[in-house]
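**Q**
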Amino acid sequence: MTIRWSRVAIYGALLFFAVLYLMPVYVLVITGLKSFTEVSLDQMWDLPSGLHFASFRDAFDRLNGNMLNSFKMVIPATIISCLLGSINGYILTKWRFPGSDILFFLLLFGMFIPYQSVLIPLVKTLQQLHLYGSLWGLVLTHTIYGIPITTLIFRNYYAGVPTEVVEAAKIDGASIFGIYTRILFPLSLPGFVVVAIWQFTSIWNDFLFAATLTSNPDVQPVTVALNNLAGSFIVEWNVQMAGALIAALPTLIVYILLGRFFMRGLMAGALSSS
Amino acid sequence: MSKGEAAGPRVRGGLPRLDWKRARRFVTSERAIGMGLIVPSLVAVLVFVYGFIGWSALVSVSNWHNVNPDYTFVGLDNFRDLFKNFRFQIDIRNTVAFTVLFVGACLVLGLVLASLLDRYIRGEGIFRSIYLFPMAISFIVTGVAWRWLLAPRAGVNLLASKVGLSGIHYTWYTDSTVVYVHQGSRLADALDAIGLGFLADPNFGVPLAMISVVIAATWQMSGFVMVLYLAGLRAIPKELKEAARVDGASELQVLRHISLPLLRPVTLSAMIILGHQSLKIFDLIVSMTGRGTGFATDVPALFMFESTFRANNFSRGAAVSIVMLVSVSVLVIPYLFWSLRRESRL
């Protein structure tokens, strides 16, 4: 019997934590669904009287342009940084050259730097290139600073592909491109999913670059717009909550549908598991 | 010795002759193409990471304190001013307090969740997804949600009074109190006895408002630590734990004497990754509390941002960023060497 009770305790603890972790979502959802007359702070934890979508409509009207900006920034930056990372990972594992370890170390360190330490030159450079304040400036920025992590994940992924396969293809006369397009690329589709999810999530969620490289509200990604919305005293807090939920939705959907790959990206980013 | 080297450059008339055969073989070799493919990425990273760091370092030793760039060399003056700056001193204290509390909370919670899940749990996948989902959300969303959850007149306080705990009037992130060990107190004497007497100082205090930020950040990041620990626990051979249990060890003893020592590399990775994140923390502060009353929740990243882009004091902003870079490097570079060496040994 004692064993049974310990099982009950474990499940009880797991459920307790699950409720704790879901609590903010509960508040976000019920607040967003309340009618404007119901949203006093005293009733914060009470369920809404019915399904009112007015707050979501209001928040969406305020944020939809910025949501679109985020998509326009995230999609190209994700695709380009994935491709670059894949090629780099391929070269670094299968065509090692003298100094490739040092280069890899330099790339890796780029993943950890506080971006504050490149911010001033970045702003000045993008101004010179006439990319400051545009989504293309953000695409370029996210692509370049995404290279270290995408290279790392693909390198670890390709390290698992037996070198004999590549050597055999070399002997058969396959070129460097042939080996990539016919052997590694088809093998690495799951790797692409992992890296793409990782990049999509981190670029979508970025605030620092978005806030410093764009000043025009029409160009700003949704994280900046949400922060402005939440900092405004004239916007009701149920609209803020609805806005937060809308801004989180794309990455949450990706997480719910492809959580398995998301977790693998996390592990790859942690290095130790490689 | 290969053929190429045997026919290597011979000295004629004092000048080495270029071995065309060898050079051409190198240029057209696939390896050279490989290097060519990686060059654009490398150049981009070298310029945008290392070049820009150098440029920031240059700004940090210059006299650029308004909108007009001024690269007059002033040595380390900006750094000297910075460490004398009242706000920056508070930022350092806040960062230390935040880092210790946040990393500690994440490690404990992550380990607890992982060990609960590592027991053949039905629905493990669902629980894991619930604990991990905050990782997929931006810190801005987290900040907006938790600002309301920890608002003194709403959120958690309100919930507590609803379930009957009406005595709680904790003011969360609006509290400007800084708690520290007072010199001469019993605790200070105890710290002194173990050689940690220097901690009894307001500079090692904990601003209570920071605890709210720690809660939000832990909510977001503890799932990540759970995933790391869970993978680590799964890698421990079952026989080891079974043998200990057969010998009569309790679950806690198994955890303490078998799992934890074997999980040390995981703990180290988690500490480094969370630690370097907390040194850079920015988004969550901006969206949740701002600098706070009496800079109670101010951090270097926010100081850097405001110095540079609000006050146009570029040299001070650059100096803050260089201090941040150095502190992250001290943490990360040894770790990178350690994990690369570990990897090559495997």
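Heads up: the sequence lines are chains A and B, in that order. Quick note: my numbering has the first sequence finishing at residue 265, numbered continuously throughout. Quick note: my numbering has the second sequence finishing at residue 351, numbered continuously throughout. Quick reminder that beta carbons are idealized off the backbone N, C-alpha and C, glycines included. Bear in mind that the values here come from a model prediction, so they are computed numbers and not experimental data.
Of the choices B:Asp180, B:Arg250, B:Asp197, B:Gly200, whose alpha-carbon is the least far from that of Ile216 of chain B?
**A** Counted from its first residue, the second sequence places residue 216 of chain B at position 211. Measuring from the Cα of Ile216 of chain B, the nearest candidate turns out to be B:Asp180.
**Q** Shorter than 6 Å, the distance from the beta carbon of Tyr149 of chain A to the closest heavy atom of the ligand FMN, or not?
**A** As for the ligand FMN, it is missing from this structure, which has no ligand bound.
**Q** Does the segment 134 to 144 of chain B touch the segment 200 to 218 of chain B, meaning 3 or more C-beta pairs lie closer than 8 Å?
**A** no
**Q** Relative to the C-alpha of Glu129 of chain B, which residue among A:Glu227, A:Gly256, A:Leu6, A:Met232 is closest?
**A** For the purposes of this step, residue 129 of chain B is taken as residue 124 along the second sequence, with counting starting at 1. Ranking the options by Cα distance to Glu129 of chain B, first place goes to A:Leu6.
**Q** For chain B, find out if any of its Cβ atoms is closer than 7 Å to the Cβ of Val269 of chain A; answer yes or no.
**A** Missing from the structure shown is residue 269 of chain A; chain A here goes from -8 to 265 and no further.
**Q** Which residues of chain A have a Cβ atom closer than 8 Å to the Cβ of Thr313 of chain B, listed in chain order?
**A** Locating residue 313 of chain B in the second sequence gives position 308, where the first residue counts as 1. Residues of chain A passing the Cβ test: Leu110, Ile111.
**Q** Measuring CB to CB, does Ala324 of chain B end up less than 7 Å from Ser65 of chain B?
**A** As a position in the second sequence, residue 324 of chain B is number 319, starting the count at 1. As a position in the second sequence, residue 65 of chain B is number 60, starting the count at 1. For Ala324 of chain B and Ser65 of chain B, yes; Cβs fall inside 7 Å.
**Q** So for Val184 of chain B, helix, strand or coil by DSSP?
**A** As a working note, residue 184 of chain B is residue 179 in the second sequence. Here Val184 of chain B carries a strand assignment [DSSP, helix/strand/coil].
**Q** Taking only beta-carbon positions, decide if Pro105 of chain A is within less than 7 Å of chain B.
**A** Numbered from its first residue, the first sequence carries residue 105 of chain A at position 114. Interface residue, yes.
**Q** Shortest alpha-carbon distance to Ile1 of chain A belongs to which of B:Val331, B:Ala150, B:Thr302, B:Leu118?
**A** Along the first sequence, read from residue 1 onward, the residue named residue 1 of chain A stands at position 10. For Ile1 of chain A, the nearest C-alpha among the options comes from B:Leu118.
**Q** Does any C-beta atom of chain B lie closer than 7 Å to the C-beta of Ser101 of chain A?
**A** By 1-based counting over the first sequence, the position of residue 101 of chain A is 110. For the sequence presented, residue 101 of chain A should be read as Gly rather than Ser. Yes - at least one Cβ of chain B is within 7 Å of the one on Gly101 of chain A.
**Q** Please name the residue or residues paired with Gly211 of chain B in a DSSP beta bridge.
**A** Within the second sequence, numbered from 1, the residue matching residue 211 of chain B stands at position 206. It should be pointed out that residue 211 of chain B corresponds to Val in this sequence rather than to Gly. Paired residues: B:Val184.
**Q** Any idea what DSSP makes of Ser190 of chain B, helix, strand or coil?
**A** Numbered from its first residue, the second sequence carries residue 190 of chain B at position 185. In the structure shown, Ser190 of chain B sits in coil (DSSP, three-state: anything other than H, G, I, E or B).
**Q** Contact check, Gly23 of chain A vs Leu236 of chain A under 8 Å by CB: the rounded distance?
**A** If you number the first sequence from 1, residue 23 of chain A lands on position 32. If you number the first sequence from 1, residue 236 of chain A lands on position 245. Indeed they touch by this definition, with Cβ atoms about 6 Å apart.
**Q** Using 7 Å as the threshold, is the C-beta distance between Ala221 of chain A and Val149 of chain B below it?
**A** Along the first sequence, one-based indexing puts residue 221 of chain A at 230. Along the second sequence, one-based indexing puts residue 149 of chain B at 144. The answer is yes: Cβ separation under 7 Å.
**Q** Would you list the one or two residues that DSSP bridges to Ser67 of chain B?
**A** Stepping through the second sequence from its first residue, residue 67 of chain B is reached at position 62. Paired residues: B:Phe78.
**Q** Under 7 Å, Cβ to Cβ, is there at least one residue of chain B near Ile140 of chain A?
**A** Here the question's residue 140 of chain A lines up with position 149 in the first sequence. Using a CB distance cut-off of 7 Å, Ile140 of chain A does not count as an interface residue toward chain B.
**Q** Residues of chain B with a CB under 7 Å from the CB of Ala235 of chain A: which are they?
**A** Against the first sequence, residue 235 of chain A aligns to sequence position 244. Here the neighbours are Val146, Val149, Ala150.
**Q** Whole angstroms is fine: what's the gap from Glu158 of chain A's alpha carbon to Arg346 of chain B's?
**A** The residue given as residue 158 of chain A occupies position 167 in the first sequence. The residue given as residue 346 of chain B occupies position 341 in the second sequence. Distance between the alpha carbons of Glu158 of chain A and Arg346 of chain B: 26 Å.
**Q** Can you confirm whether Tyr246 of chain A, when its beta carbon is compared against all beta carbons of chain B, has any partner nearer than 7 Å?
**A** Here the question's residue 246 of chain A lines up with position 255 in the first sequence. Closer than 7 Å to some Cβ of chain B, the Cβ of Tyr246 of chain A qualifies, so yes.
**Q** Using the beta-carbon count (16 or more within 10 Å), is Trp153 of chain B buried or exposed?
**A** For the purposes of this step, residue 153 of chain B is identified with residue 148 of the second sequence, where counting begins at 1. The residue in question, Trp153 of chain B, is buried, as its Cβ has 16 or more Cβ neighbours within 10 Å.
**Q** Could you please tell me which residues of the segment 116 to 127 of chain B, in chain order, have their CB closer than 9 Å to any CB of chain A?
**A** Val117, Leu118, Leu121, Leu122, Arg124, Ile126, Arg127
**Q** At what residues does the alpha helix (DSSP H) containing Val304 of chain B begin and finish?
**A** Mapped onto the second sequence, residue 304 of chain B falls at position 299. Element bounds for Val304 of chain B: n/a, residue is neither H nor E.
**Q** Cβ of Tyr12 of chain A less than 7 Å from any chain B Cβ?
**A** Here residue 12 of chain A refers to the residue found at position 21 when the first sequence is read from its first residue. At least one chain B Cβ lies under 7 Å of Tyr12 of chain A.
**Q** Measuring alpha carbon to alpha carbon, tell me which of A:Gln119, A:Val156, A:Ala187, A:Leu98 ends up nearest Arg255 of chain A.
**A** As a working note, residue 255 of chain A is residue 264 in the first sequence. With distances taken between Cα atoms, Arg255 of chain A lies closest to A:Ala187.
**Q** What are the boundary residues of the alpha helix (DSSP H) that Ile104 of chain A is part of?
**A** Along the first sequence, read from residue 1 onward, the residue named residue 104 of chain A stands at position 113. Taken as a continuous stretch (DSSP letters only), Ile104 of chain A belongs to no alpha helix (DSSP H), as it is neither H nor E.
**Q** To the nearest angstrom, how far is the alpha carbon of Ala316 of chain B from that of Leu38 of chain A?
**A** Taking the first residue of the second sequence as position 1, residue 316 of chain B is located at position 311. Taking the first residue of the first sequence as position 1, residue 38 of chain A is located at position 47. Cα to Cα, the separation comes out at about 45 Å.
**Q** Taking only beta-carbon atoms, is Thr28 of chain A less than 7 Å away from chain B?
**A** By 1-based counting over the first sequence, the position of residue 28 of chain A is 37. Any Cβ of chain B closer than 7 Å to the Cβ of Thr28 of chain A would place that residue at the interface, and such an atom is absent.
**Q** Give every residue of the same chain whose Cβ lies closer than 8 Å to the Cβ of Leu192 of chain B, excluding the five residues on either side of it in the sequence, and list them in chain order.
**A** Residue 192 of chain B sits at position 187 when you count from the first residue of the second sequence. Same-chain partners within the cutoff: Val186, Ala205.
**Q** Pop quiz: Phe53 of chain B and Tyr106 of chain A are said to be a contact at Cβ under 8 Å. What is the actual Cβ separation, rounded to whole angstroms?
**A** Stepping through the second sequence from its first residue, residue 53 of chain B is reached at position 48. Stepping through the first sequence from its first residue, residue 106 of chain A is reached at position 115. The pair is not a contact, with the Cβ atoms about 10 Å apart (cut-off 8 Å).
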